[in-house]
Amino acid sequence: MASKSSNRGVQSNILADDIHLSKEGKTGIQVCGYAVNHAKAQLTPYSFSRREPRDHDIVIEIHYCGICHSDIHQVSDEWGGSTFPMVPGHEIAGVVLQVGTSVTRYKVGDKVGVGCFVDSCRKCGPCLEGLEQYCVGGMSLTYNGVENDGKTPTQGGYSNKIVVDENYVLRIPDNLPLDRAAPLLCAGITVYSPLIHWKAGPGKKVAIIGLGGLGHMGVKIAHALGAEVTILSHSLRKQEEGKKLGADKFYATSDRTTFKELKGYFDLIINTVSVELDWNQYLKLLALDGTMVVVGLPEKKETQIGAFPLVNARRSIAGSAIGGIRETQEMLDFCSKHNIACDIELIPIEKVNEAYERVLKSDVRYRFVIDIKSLECKD
Ligand code: NAP
Ligand code: ZN
Ligand code: ZN
0 MASKSSNRGV
10 QSNILADDIH
20 LSKEGKTGIQ
30 VCGYAVNHAK
40 AQLTPYSFSR
50 REPRDHDIVI
60 EIHYCGICHS
70 DIHQVSDEWG
80 GSTFPMVPGH
90 EIAGVVLQVG
100 TSVTRYKVGD
110 KVGVGCFVDS
120 CRKCGPCLEG
130 LEQYCVGGMS
140 LTYNGVENDG
150 KTPTQGGYSN
160 KIVVDENYVL
170 RIPDNLPLDR
180 AAPLLCAGIT
190 VYSPLIHWKA
200 GPGKKVAIIG
210 LGGLGHMGVK
220 IAHALGAEVT
230 ILSHSLRKQE
240 EGKKLGADKF
250 YATSDRTTFK
260 ELKGYFDLII
270 NTVSVELDWN
280 QYLKLLALDG
290 TMVVVGLPEK
300 KETQIGAFPL
310 VNARRSIAGS
320 AIGGIRETQE
330 MLDFCSKHNI
340 ACDIELIPIE
350 KVNEAYERVL
360 KSDVRYRFVI
370 DIKSLECKD
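Here the sequence shown stands for residues 0 to 378, numbered as in numbering that gives the first Met the number 0.
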């Protein structure tokens, strides 16, 4: 997953001045939200401006934004290269407020979403195939990134409005409530994409490691696809709920007998865990030709993978990043058809710092979503 990076560290102060000037002069779209000003800082109220809509742009009034664990990794600069001030949020759901003169796909009042990226080069092989998340030149992340001009910082969905090119906006089907649909834009697509790519379905044994935001959607989607689903959680604490989400089996990875009992069992394992795991012991749970797909992105470290667990049963290890625009729309339509949405705890924005603490303790069932109406904007 490539993303455009900037040398914004130096630019942050200039940016703050620009914002001040534009606020005074009321150019651009005035936006309020919450930002962190340096790594590991608390989120606090922050006003800024976004570009005036261009011909193909849509102005979205944000109603809800999910809290993804990636927000926490990035505000803490755990992946390196974070730039500040940072308004996190890439699980955005809202309503179209205004459209540019050439917009054809959406109209005012439509229910829409924005996920992890807001642009890409549109010319490279992956972009032309609808795999913009693997854009060779780097996609423009929704926040903690830069626009296609390579320099304008992007800011995310913990804010009341966003301006996005219509080609990077998703339609949220009518039967999905906006608050419970918001986390589909990242958590949902990140598990849907590998489940489809590695053909989860009837007759396939799928394991989901980690029952968090991504994990609980992995269980729901794999179950809807007809696979046999096993949750591998670090304790049995969530066992009853896991079964209600659609899991056939539930095991605690803190229990060493789990690894003996399930040896060589799964066709596909999706690892959603936000911390380092010993991948070798999970690889041994795969059957012949099985694949473990890593989607969890802990703080960057070297991970040692032994040759033997791979060679012994022609096993594979792979990774997967979110999903392209076309596949994200397909996932939303799949969820609509199967009446699947995220299990959420809706919070006012003042509780966002507390929510981060609780995510780190896995103390949420299963996604916090910020009610953006709770933002008190001064203008
Ligand atoms: P989350 O809601 O916090 O879920 C992570 C789960 O990992 C927890 O619920 C917990 O599951 C397990 N876990 C946490 N700490 C653990 C520990 N110390 N030992 C063992 N298991 C532990 O996070 P999320 O939002 O689903 O995101 C998960 C990861 O995916 C993050 O690293 C995020 O950055 C990454 N991500 C990647 C992509 C991508 O495109 N590849 C997209 C989105 C997010 P149990 O309680 O069941 O053990
Ligand atoms: Zn995310
Ligand atoms: Zn591209």
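Where a beta carbon is used, it is the ideal one built from N, C-alpha and C, also for glycine.
Because the structure is a prediction, the values reported are computed rather than measured.
Inset, instruction - Identify the continuous beta strand (DSSP E) that holds E356 and give its terminal residues. - result: First-last for E356: V351 to L359, but that is the alpha helix (DSSP H), not the beta strand (DSSP E).
Legend entry - Under 7 Å between C-beta atoms of A246 and I230: Yes, these two residues count as a Cβ contact at 7 Å.
Inset, instruction - Taking 7 Å as the cut-off, decide whether the C-beta atoms of C115 and T141 are in contact. - result: yes
Inset, instruction - Evaluate L359 with the Cβ neighbour count: other Cβ atoms within 10 Å of its Cβ, from every protein chain shown; 16 or more gives buried, anything less gives exposed. - result: L359 counts as exposed, since fewer than 16 other beta carbons sit within 10 angstroms of its beta carbon.
Inset, instruction - Quick one: give me the first and last residue of the alpha helix (DSSP H) that R179 is part of. - result: L177 to A180
Legend entry - Check whether D178 and V363 have beta carbons under 7 Å apart: no
Inset, instruction - For T290, I'd like the list of residues in its chain whose CB is within less than 8 Å of its CB, leaving aside the five on either flank, ordered along the chain. - result: W197, D266, L267, I268, R314, S315, I316 and A317
Inset, instruction - Report yes if the C-beta of C67 is less than 6 Å from at least one heavy atom of ligand 2; otherwise report no. - result: yes
Inset, instruction - Below 6 Å CB to CB, which residues in the same chain sit around G88 once its five sequence neighbours on both sides are set aside? - result: Shown here for G88: same chain residues with a beta carbon closer than 6 Å to its own, the five before and five after excluded, namely C64, G155, G156 and Y157 in chain order.
Legend entry - Span separating the alpha-carbon of L224 from that of H233: 25 Å
Inset, instruction - Note down the Cα distance separating S11 from S139, rounded to an integer number of angstroms. - result: Its pLDDT being 30, under 50, S11 is placed unreliably by the model, and nothing is read from it.
Inset, instruction - With DSSP as the reference, label D76 as helix, strand or coil. - result: Coil at D76, not helix or strand.
Inset, instruction - Can you check the region 57 to 105 for any alpha helix (DSSP H) of at least 4 residues that lies completely inside it and give the ranges in chain order? - result: 68 to 74
Inset, instruction - Compute every distance between the C-beta of S139 and the non-hydrogen atoms of ligand 3, then say whether any falls below 6 Å. - result: no
Inset, instruction - Report yes if the CB atom of I188 is closer than 7 Å to the CB atom of T327, and no otherwise. - result: yes
Inset, instruction - Compute the Euclidean distance between the alpha carbons of I371 and V98, then round it to the nearest angstrom. - result: So the alpha carbons of these two residues sit roughly 21 Å apart.
Inset, instruction - Confirm the yes/no value for this check: CB of C126, any heavy atom of ligand 3, distance under 6 Å. - result: yes
Inset, instruction - Measuring alpha carbon to alpha carbon, tell me which of I207, E301, H72 and A306 ends up nearest M85. - result: Comparing Cα-Cα distances from M85 to each of I207, E301, H72 and A306, the minimum goes to H72.
Inset, instruction - Check whether the Cβ of C185 lies closer than 6 Å to any heavy atom of ligand 2, and answer yes or no. - result: With a cut-off of 6 Å, the C-beta of C185 is classified as near ligand 2, since at least one heavy atom of the ligand falls inside that distance.
Legend entry - Alpha-carbon to alpha-carbon, V294 and I195: About 14 Å.
Inset, instruction - May I have a chain-ordered list of the beta strand (DSSP E) segments no shorter than 3 residues that lie completely inside the region 146 to 208? - result: Runs found: 160 to 164 and 204 to 208.
Inset, instruction - Determine the direct distance from the alpha carbon of M330 to that of Y415, and round the result to whole angstroms. - result: Because the chain is modelled from 0 through 378, residue 415 falls outside the range shown and cannot be assessed.
Inset, instruction - Using only the heavy atoms of ligand 1, determine whether one of them is closer than 6 Å to the beta carbon of V292. - result: no
Legend entry - Beta-carbon proximity of A312 to A181, cut-off 7 Å: no
Inset, instruction - Using the Cα positions of G322 and K248, report the straight-line distance between them to the nearest angstrom. - result: 27 Å
Legend entry - Bridge partners - R366, DSSP secondary structure assignment: I343
Inset, instruction - Note down the Cα distance separating I348 from D342, rounded to an integer number of angstroms. - result: Whole-angstrom Cα-Cα distance: 18 Å.
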